[in-house]
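Chains as they are written, first to last, in the numbering used here: chain D, 1 to 404; chain E, 405 to 808.
Each remark here refers to the structure printed beneath this line.
There are 2 protein chains.
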Amino acid sequence: MAQAVAAPPRPVEAPTQTPKQLGYTMPGEFEKHVACWMGWPEGADTPYLWREDGGPAREAYANIATAISQFEPLIMFANPGQAAANAREAFKKRDANNVSVVEVPGGINDGWLRDWGPTCVRRKNPETGESEVAGVHWNYDCYGAPEKKKLGMPTMMPDWNKDFEAGRFVLNNAGLQIFEAPLACEGGSIHSDGEGTLVVTEETILHPSRNPHLSREEKEHILKEYLGLDKIIWLWRGMAGDDLVVNGHVDNMATFIRPGVIALSWSDDVNDPQHEISARNLEILENTTDAKGRKLEVIKLHCPPPMFRTFKEAEGFPAGHVDKGYSPCYAQERLSGSYINHYIANGGAVIPQFGGTATDTDKLAIETLQKAYGSERKVVGVASREVLLNAGNIHCITQQHVAP
Amino acid sequence: MAQAVAAPPRPVEAPTQTPKQLGYTMPGEFEKHVACWMGWPEGADTPYLWREDGGPAREAYANIATAISQFEPLIMFANPGQAAANAREAFKKRDANNVSVVEVPGGINDGWLRDWGPTCVRRKNPETGESEVAGVHWNYDCYGAPEKKKLGMPTMMPDWNKDFEAGRFVLNNAGLQIFEAPLACEGGSIHSDGEGTLVVTEETILHPSRNPHLSREEKEHILKEYLGLDKIIWLWRGMAGDDLVVNGHVDNMATFIRPGVIALSWSDDVNDPQHEISARNLEILENTTDAKGRKLEVIKLHCPPPMFRTFKEAEGFPAGHVDKGYSPCYAQERLSGSYINHYIANGGAVIPQFGGTATDTDKLAIETLQKAYGSERKVVGVASREVLLNAGNIHCITQQHVAP
Chain D
1 MAQAVAAPPR
11 PVEAPTQTPK
21 QLGYTMPGEF
31 EKHVACWMGW
41 PEGADTPYLW
51 REDGGPAREA
61 YANIATAISQ
71 FEPLIMFANP
81 GQAAANAREA
91 FKKRDANNVS
101 VVEVPGGIND
111 GWLRDWGPTC
121 VRRKNPETGE
131 SEVAGVHWNY
141 DCYGAPEKKK
151 LGMPTMMPDW
161 NKDFEAGRFV
171 LNNAGLQIFE
181 APLACEGGSI
191 HSDGEGTLVV
201 TEETILHPSR
211 NPHLSREEKE
221 HILKEYLGLD
231 KIIWLWRGMA
241 GDDLVVNGHV
251 DNMATFIRPG
261 VIALSWSDDV
271 NDPQHEISAR
281 NLEILENTTD
291 AKGRKLEVIK
301 LHCPPPMFRT
311 FKEAEGFPAG
321 HVDKGYSPCY
331 AQERLSGSYI
341 NHYIANGGAV
351 IPQFGGTATD
361 TDKLAIETLQ
371 KAYGSERKVV
381 GVASREVLLN
391 AGNIHCITQQ
401 HVAP
Chain E
405 MAQAVAAPPR
415 PVEAPTQTPK
425 QLGYTMPGEF
435 EKHVACWMGW
445 PEGADTPYLW
455 REDGGPAREA
465 YANIATAISQ
475 FEPLIMFANP
485 GQAAANAREA
495 FKKRDANNVS
505 VVEVPGGIND
515 GWLRDWGPTC
525 VRRKNPETGE
535 SEVAGVHWNY
545 DCYGAPEKKK
555 LGMPTMMPDW
565 NKDFEAGRFV
575 LNNAGLQIFE
585 APLACEGGSI
595 HSDGEGTLVV
605 TEETILHPSR
615 NPHLSREEKE
625 HILKEYLGLD
635 KIIWLWRGMA
645 GDDLVVNGHV
655 DNMATFIRPG
665 VIALSWSDDV
675 NDPQHEISAR
685 NLEILENTTD
695 AKGRKLEVIK
705 LHCPPPMFRT
715 FKEAEGFPAG
725 HVDKGYSPCY
735 AQERLSGSYI
745 NHYIANGGAV
755 IPQFGGTATD
765 TDKLAIETLQ
775 KAYGSERKVV
785 GVASREVLLN
795 AGNIHCITQQ
805 HVAP
């Protein structure tokens with residue numbers, strides 16, 4: 001198993017131009033990676049954020065990381081000391097030799113790295129002609145937590161300072177130039193086709209908790225400048241059950257399979273609001289073109305049947321965690337189950353599996369995505385209900401380190 | 405069609421003993437009725453409480469009332485003037501000749517008569533030997549609204565003074581003695597077997613909004629004294645999705661078919677919290693005896709698959725109704741669909757039907773209940789999703805006027 005590596009010094013001075021002005025663009029997740037980044041859910045906040053002190057969550061994270069590491073190197077960022085030791089032990093137990101555990105000196109609040117972590121952009125250097133990668137570091141505010149506190153809305157966590165700083169550490173650790181983006185944004189709220197098109201949802205980007213001082217046009221401008229884009233496709237909403245804390249991230253609703261082809265979470269159940277959401281998003285996709293002027297091919301990816309947090313599961317969350325500022329995890333709440341929320345790796349894709357009443361859709365999702373990705377990727381499933389209990393899934397806890 | 409009747413004066417002075425001390429008991433709903441009482445949803449509160457100004461709700465109420473009136477006389481209590489005229493017109497259109505529209509001089513807030521209305525009790529007069537009926541008038545507080553306001557919980561309605569008074573009017577109109585019960589209680593939170601047993605849920609009766617000054621034992625004592633009971637069976641919770649505003653009324657979860665036989669809303673879907681709720685309630689029922697010392701026969705009545713308020717439906721509710729103190733009716737919320745929430749009439753039973761994905765369970769419910777009730781009752785279904793959109797169903801909007 002690879003050993004932890006020390007963070008190199010921050011490579012260069014902060015740039016004065018935007019990534020777009022410098023010729024960068026955000027590649028698609030389906031493009032080549034150096035590695036996959038994740039965060040290990042073990043720290044001061046973990047016992048409030050996850051049930052049973054985070055034990056089942058760490059098992060799920062370890063299984064997901066191990067599955068991804070069969071396709072590409074995986075860097076697991078962890079709190080120093082015992083947490084990192086526990087992470088190393090988990091991967092040793094799994095013979096996961098392609099996983100490196102990296103201690104974050106300042107620590108992390110928790111393991112939602114997709115959302116607090118940076119976003120890679122890439123360009124061909126106009127002088128050297130070489131491909132180079134940099135990172136956009138968002139003004140991450142934990143899903144609009146400051147505004148939510150004012151509005152009386154539930155927040156994911158009361159504190160996110162460590163996660164915010166850890167986003168920079170991840171880029172420093174990889175030796176990547178940092179662009180500080182003047183936008184509160186989570187990695188889960190954006191998906192790029194790598195050719196100038198971004199897909200987002202209005203539900204997230206226009207949520208009253210997100211950058212309320214900016215207009216839709218201003219938000220669109222910043223996204224385009226910092227991700228090097230020409231066009232943003234605005235879907236309506238994210239998955240049913242994803243509205244309360246995360247506010248409808250696109251990475252649970254739609255993902256680019258390749259340029260020109262997008263998968264959309266789908267339900268045929270006309271009694272389920274999910275059908276309305278998917279149908280309205282489909283209409284948007286069918287009536288738009290991407291940055292290259294292409295009509296999009298839309299692949300319907302059937303979501304699991306409605307699932308809910310059980311009483312037994314809810315009882316595992318600590319009493320009073322909501323009063324302390326952590327996201328409510330009540331019994332009976334709908335879980336925003338979706339197979340869209342998967343990770344595309346080099347030559348592979350790692351897909352959520354839920355079991356139980358979702359057994360049929362679990363199988364169908366693997367079949368549908370295997371057909372969509374073709375023989376160039378091996379699609380594998382990993383049980384991830386534990387992550388879903390906290391409103392996320394495989395994509396929410398991973399981030400690609402894009403290859404030059 | 406029968407005409408409105410004027411309310412006779414209140415018949416006698418208030419009694420000084422409790423119904424139990426006077427030998428009264430609450431009959432089972434399956435016993436003989438004089439009539440069925442309902443309230444017409446058309447008044448100052450209606451446009452905030454129901455979508456599209458209450459029009460679809462009035463259609464549903466009229467259809468339900470018409471179905472019941474084939475089995476027994478139906479009295480529809482209505483706001484005076486135009487509302488009552490509209491009700492009469494609705495029944496004229498349906499040729500519903502067994503329906504009487506009665507104007508409530510002081511008006512009503514809305515049509516949840518099961519909950520704001522009185523509960524009939526009956527005894528054999530120890531002097532005359534004749535059977536006589538009286539009414540218990542609860543200290544109705546709109547599902548614990550005063551406490552809920554203090555606790556920051558959503559309330560069904562901001563005002564319920566008219567409904568509270570209308571409960572007395574219903575009894576005066578029927579010429580029935582009134583017992584004023586010192587307990588905030590809704591008719592939907594109690595079901596009697598007519599032989600001394602009451603079934604309730606802890607979720608409702610022990611909810612922090614309900615009579616917080618009383619202990620469990622004190623509540624049990626008052627229920628026993630005012631309904632003439634010997635035993636209370638405490639179920640755990642009501643239906644999934646019924647927790648927010650109504651707080652798990654038993655009349656959506658379990659109902660006596662006859663003494664010794666109880667129907668329980670059931671789900672086999674182990675991924676659905678409804679399964680946990682039903683299974684725990686089943687365990688309670690299987691490990692208890694009724695007031696007569698009998699083990700109960702439990703009939704599992706399969707509930708519809710999970711259903712949710714659609715965006716289209718939610719958009720029909722007026723903007724700002726929650727801020728005005730009316731119950732939230734958001735898109736995507738789970739609807740507490742159940743076939744238990746039906747009305748037992750003389751020689752009949754009127755059962756909710758939901759259509760859509762519930763088509764199979766709709767049919768199964770009618771079959772199951774027809775078999776349970778036997779040839780003495782004709783079981784008929786009526787579409788009632790519109791009522792369910794506001795967290796209720798057929799039982800919640802009806803009340804039996806028990807026959808002597």
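The C-beta atom is built at its ideal place from N, Cα and C for all residues, glycine as well.
It should be emphasised that the depicted structure is a prediction, and the values quoted were computed from it without experimental measurement.
In chain order, what residues of the same chain lie with their CB nearer than 6 Å to the CB of D/T66, ignoring the 5 residues before and after it?
By one-based count along the first sequence, residue 66 of chain D stands at place 66. For D/T66, where only same-chain residues beyond five positions count, the Cβ hits under 6 Å are R94, A96.
In chain E, which residues lie with their C-beta within 7 Å of the C-beta of D/M307?
Within the first sequence, residue 307 of chain D is the residue found at index 307, counting from 1. Near D/M307 (Cβ distances below 7 Å), the residues of chain E are N675.
Interface partners of D/A331 on chain E, CB under 7 Å:
Here residue 331 of chain D is taken as the residue at index 331 of the first sequence, counted from 1. Those within 7 Å of D/A331 in chain E are P677.
Any 3 or more C-beta pairs closer than 8 Å across the region 379 to 399 of chain D and the region 341 to 361 of chain D
yes
Cβ neighbours of E/V505 in the same chain (closer than 6 Å, five flanking residues each side left out):
The residue labelled residue 505 of chain E in the question sits at position 101 within the second sequence. Result list for E/V505: A408, M480, A482, A488, A491, R492, in chain order.
Verify whether the separation of the beta carbon atoms of E/S788 and E/A588 is less than 8 Å.
Counting from one through the second sequence, the residue named residue 788 of chain E turns up at place 384. Counting from one through the second sequence, the residue named residue 588 of chain E turns up at place 184. No, the Cβ-Cβ distance between E/S788 and E/A588 is not below 8 Å.
Using a C-beta cutoff of 8 Å, does D/F169 count as contacting chain E?
Numbered from its first residue, the first sequence carries residue 169 of chain D at position 169. Answer no: the Cβ-Cβ gap between D/F169 and chain E never drops below 8 Å.
Terminal residues of the beta strand (DSSP E) in which E/K628 lies
Counting from 1 along the second sequence, the entry for residue 628 of chain E is found at position 224. Run containing E/K628: none in the beta strand (DSSP E); it sits in the alpha helix (DSSP H), 620 to 631.
Residues that D/K312 contacts on chain E, provided the C-beta gap is smaller than 8 Å
What you label residue 312 of chain D is simply residue 312 of the first sequence in a count that begins at 1. E680, listed in chain order.
Reduced DSSP secondary structure (H/G/I, E/B, other) of E/R684:
Your numbering for residue 684 of chain E matches position 280 in the second sequence. E/R684: helix per DSSP, three-state reduction.
Note the first and the last residue of the continuous beta strand (DSSP E) segment covering D/V380.
Residue mapping note: residue 380 of chain D aligns to position 380 of the first sequence, counting from 1. Its beta strand (DSSP E) spans residues 378 to 383.
CB contact flag (D/P126, D/G23, <8 Å)
Your numbering for residue 126 of chain D matches position 126 in the first sequence. Your numbering for residue 23 of chain D matches position 23 in the first sequence. For D/P126 and D/G23, yes; Cβs fall inside 8 Å.
With distances taken from CA atoms, which of D/Y330, D/G325, D/N252 is nearest D/P304?
Residue mapping note: residue 304 of chain D aligns to position 304 of the first sequence, counting from 1. Closest by alpha carbon: D/N252.
Taking the beta carbon of E/S535 as the centre, do at least 16 other beta carbons fall within 10 Å, making it buried, or is it exposed?
Counting from one through the second sequence, the residue named residue 535 of chain E turns up at place 131. With fewer than 16 Cβ atoms within 10 Å of its Cβ, E/S535 is classed as exposed.
Does D/E297 come out as helix, strand or coil in the three-state DSSP assignment?
If you number the first sequence from 1, residue 297 of chain D lands on position 297. Correct three-state label for D/E297: strand.
Using a Cβ-Cβ distance cut-off of 8 Å, determine whether D/D362 contacts chain E.
On the first sequence, position 362 is the one that residue 362 of chain D refers to. Taking Cβ atoms only, chain E never reaches closer than 8 Å to D/D362, which makes this a no.
Using CA atoms only, rank isn't needed, just tell me which of D/A62, D/W37, D/E29, D/K32 is closest to D/V387.
Counting from 1 along the first sequence, the entry for residue 387 of chain D is found at position 387. Out of D/A62, D/W37, D/E29, D/K32, D/A62 has the C-alpha closest to the C-alpha of D/V387.
Checking 8 Å against the spacing of the C-beta atoms, do D/G175 and D/D115 come in under that value?
Counting from one through the first sequence, the residue named residue 175 of chain D turns up at place 175. Counting from one through the first sequence, the residue named residue 115 of chain D turns up at place 115. Not closer than 8 Å, so no.
If I measure Cβ to Cβ from E/H437 and keep anything under 8 Å in the same chain, skipping five residues before and after, which residues do I get?
Here residue 437 of chain E corresponds to residue number 33 of the second sequence, with the count starting at 1. The residues are E476, A749, N750, Q804, H805, V806, A807.
Under three-state DSSP, which class holds E/Q581?
Sequence index remark: in the second sequence, residue 581 of chain E carries index 177 (1-based). It is a strand residue.
Output the distance between the C-alpha atoms of D/P8 and D/I394, rounded to the nearest integer angstrom.
Position 8 of the first sequence, counting from 1, holds the residue named residue 8 of chain D. Position 394 of the first sequence, counting from 1, holds the residue named residue 394 of chain D. The pLDDT assigned to D/P8 is 49, lower than 50, so where the model puts this residue is not dependable; a value taken from the coordinates is nonetheless given after this. The straight-line gap from Cα to Cα measures roughly 28 Å.
Following the continuous beta strand (DSSP E) through D/Y343, name the residue where it begins and the one where it ends.
Taking the first sequence and counting its residues from 1, the one referred to as residue 343 of chain D is at position 343. Segment 343 to 345, the beta strand (DSSP E) holding D/Y343.
Chain-order list of residues whose beta-carbon lies under 8 Å from that of D/E165 (same chain, five-residue window excluded)
Translated into positions along the first sequence, residue 165 of chain D becomes position 165. If we look at D/E165 and ignore the five residues flanking it on each side, its Cβ neighbours are G106.
Relative to the C-alpha of E/L689, which residue among E/W441, E/R641, E/L610 is closest?
Within the second sequence, the letter at position 285 stands for residue 689 of chain E. Answer by Cα proximity: E/R641.
7 Å Cβ shell around E/K699 - same chain, five flanking residues per side excluded
Within the second sequence, numbered from 1, the residue matching residue 699 of chain E stands at position 295. Excluding positions up to five away in sequence, the list reads T693.
Exposed or buried, which one is E/K528 when buried takes at least 16 other CB atoms within 10 Å?
Position 124 of the second sequence, counting from 1, holds the residue named residue 528 of chain E. Result: exposed.
In whole angstroms, what separates the C-alpha of E/L575 from that of E/Q581?
If you number the second sequence from 1, residue 575 of chain E lands on position 171. If you number the second sequence from 1, residue 581 of chain E lands on position 177. Going from the Cα of E/L575 to the Cα of E/Q581 covers about 7 Å.
When the cut-off is 8 Å and only beta carbons count, does D/D163 lie next to chain E?
On the first sequence, position 163 is the one that residue 163 of chain D refers to. So no, D/D163 is outside the interface.
By Cβ distance below 6 Å, which residues in the same chain neighbour D/V261 in space, the five residues on each side in sequence not counted?
Taking the first residue of the first sequence as 1, we reach residue 261 of chain D at position 261. E297.
Which runs of the beta strand (DSSP E) at least 3 residues long sit entirely within the region 527 to 571 of chain E? Give them in chain order.
535 to 541
Does E/R713 pass the burial test, meaning 16 or more other C-beta atoms within 10 Å, or should it be called exposed?
To locate residue 713 of chain E, count along the second sequence from 1; it is residue 309. E/R713 comes out buried.
Suppose contacts are defined by Cβ-Cβ distances below 8 Å. Is E/G741 in contact with E/K782 by that definition?
Locating residue 741 of chain E in the second sequence gives position 337, where the first residue counts as 1. Locating residue 782 of chain E in the second sequence gives position 378, where the first residue counts as 1. Contact: no.
Contact belief for D/P154 with E/A735 at Cβ below 8 Å, rounded distance in angstroms
In the first sequence, residue 154 of chain D corresponds to position 154, counting from 1. In the second sequence, residue 735 of chain E corresponds to position 331, counting from 1. Their Cβ separation, rounded to whole angstroms, is 18 Å, which puts D/P154 and E/A735 out of contact at 8 Å.
Please state whether DSSP places E/W670 in a helix, a strand or coil.
Stepping through the second sequence from its first residue, residue 670 of chain E is reached at position 266. E/W670 falls in the strand class under three-state DSSP.
Three or more C-beta pairs under 8 Å: does that hold for the region 145 to 152 of chain D against the region 202 to 214 of chain D?
yes
Under 8 Å (Cβ pairs) to chain D, residues found in the region 637 to 648 of chain E:
A644, G645, D647
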